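Chemist: One structure follows; several queries about it will come next.
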Amino acid sequence: MPERPSGGRRRTHAVSVAVALFALALVVGASPAARAAPYPPLPVALDRDFVGNLTAPTLAPGDSGAIAFTLSNPLAGTISSVAVTLDLYAFNGFPGNDTSAVPVAGAPVLTTPTTSGPYANLSAGTLGPGARYSGSVGVATSASTPSGAFAVRIAVAFDLASNGTAYRLESRGWFSGAVWQAATELPNGSVTLNLSVLGVSGVVPETTVYVASSSWDWVLGGVLAAGFVLVGLGAWVYFRRGPGSTSGTR
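For the sequence shown, the numbering used here gives the first residue as 1, with consecutive numbering after it.
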């Protein structure tokens with residue numbers, strides 16, 4: 001029997017995003033095609049500053065760990081009613097590499113001191129300019145949890161304290177493939193990022209909880225993660241290299 005991996009073992013944000021984005025690229029209908037009330041866009045270059053230090057555990061069935069992150073306020077004003085949502089939304093199983101909705105039986109659960117389920121909500125209260133909040137959400141598996149990658153999408157919502165305007169940033173997994181393509185690809189095939197099409201204030205990273213029942217699963221998962229062709233990740237990185245426009249289109 002191969003040695004079980006430690007429940008505390010974490011992977012870096014880059015690998016987590018790789019597996020998560022591959023999973024969501026194959027899932028159809030991850031979210032509604034349109035929003036009734038779009039949120040005002042923020043400068044695109046600020047997206048990278050909201051959620052950072054994002055790590056997720058790699059677990060054996062029956063183990064537990066935590067997703068950790070740092071939430072920052074890069075704006076010049078105070079933000080209030082700050083809330084972070086983490087939601088399990090897709091599963092990429094090994095062996096077989098089949099992507100589907102999260103299985104009902106044996107799926108991991110996200111835990112907080114008061115809740116346990118497929119999603120978790122955290123309150124960060126009020127953050128002044130430059131302030132940071134360190135958060136974490138527990139992840140618990142069972143002996144029947146299947147091997148594979150469980151994609152976790154993330155959303156950040158807050159109000160601008162000075163005028164009460166509501167903002168919301170979401171990761172790739174909240175959008176269907178059609179909506180994401182319309183927002184990130186121009187008719188000539190070049191990349192763009194139109195927040196008005198997405199109906200959100202910005203885009204934040206997401207992560208993946210990887211469950212491995214044997215050493216072979218670890219090897220297979222590493223090879224697949226390294227070879228994934230990512231949909232959307234190129235645009236996400238590209239538009240975080242420099243100053244952004246508040247118009248919602250780059």
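Backbone N, C-alpha and C define an ideal beta-carbon position, used for all residues, glycine too.
These numbers were taken from a predicted model, which means no experiment stands behind them.
Across which residues does DSSP place Arg-153 in a beta bridge pair?
Modeler: Per DSSP, Asp-87.
Chemist: Rounded to whole angstroms, what's the CA-CA distance from Glu-170 to Ser-144? Just pull it up for me.
Modeler: If I take the Cα positions, the gap works out to 31 Å.
Chemist: Report the option in Val-211, Leu-198, Ile-79 and Val-209 whose CA atom is closest to the CA atom of Asp-254.
Modeler: There is simply no residue 254 to check, as the chain begins at 1 and stops at 250 in what is shown.
Chemist: Determine, using beta-carbon pairs with one atom in the region 55-73 and one in the region 130-143, whether at least three such pairs fall under 8 Å.
Modeler: Yes, the region 55-73 is in contact with the region 130-143.
Chemist: Would you list the one or two residues that DSSP bridges to Asp-159?
Modeler: Asp-159 is bridged to Ser-80 and Ala-166.
Chemist: Pull up the CB-CB distance for Val-252 and Pro-118, whole angstroms please, since I reckon it's below 8 Å.
Modeler: With the chain represented from 1 up to 250, any question about residue 252 goes unanswered, as that position is not in the structure.
Chemist: Do Phe-94 and Ala-101 have their C-beta atoms closer together than 8 Å?
Modeler: Contact flag unset, no.
Chemist: May I ask which residues mark the beginning and end of the beta strand (DSSP E) holding Ala-131?
Modeler: From DSSP, Ala-131 is part of no beta strand (DSSP E); its letter is neither H nor E.
Chemist: What first and last residue would you give for the alpha helix (DSSP H) that runs through Thr-184?
Modeler: Thr-184 -> alpha helix (DSSP H) spans 177-184.
Chemist: For the candidate residues Pro-129, Thr-112, Gly-130 and Tyr-89, whose alpha-carbon lies nearest to that of Leu-122?
Modeler: Of the listed residues, the one whose Cα sits closest to Leu-122 is Thr-112.
Chemist: So, is Gly-148 buried or exposed, given that buried needs 16 or more other C-beta atoms within 10 angstroms?
Modeler: Buried: at least 16 other Cβ atoms inside 10 Å.
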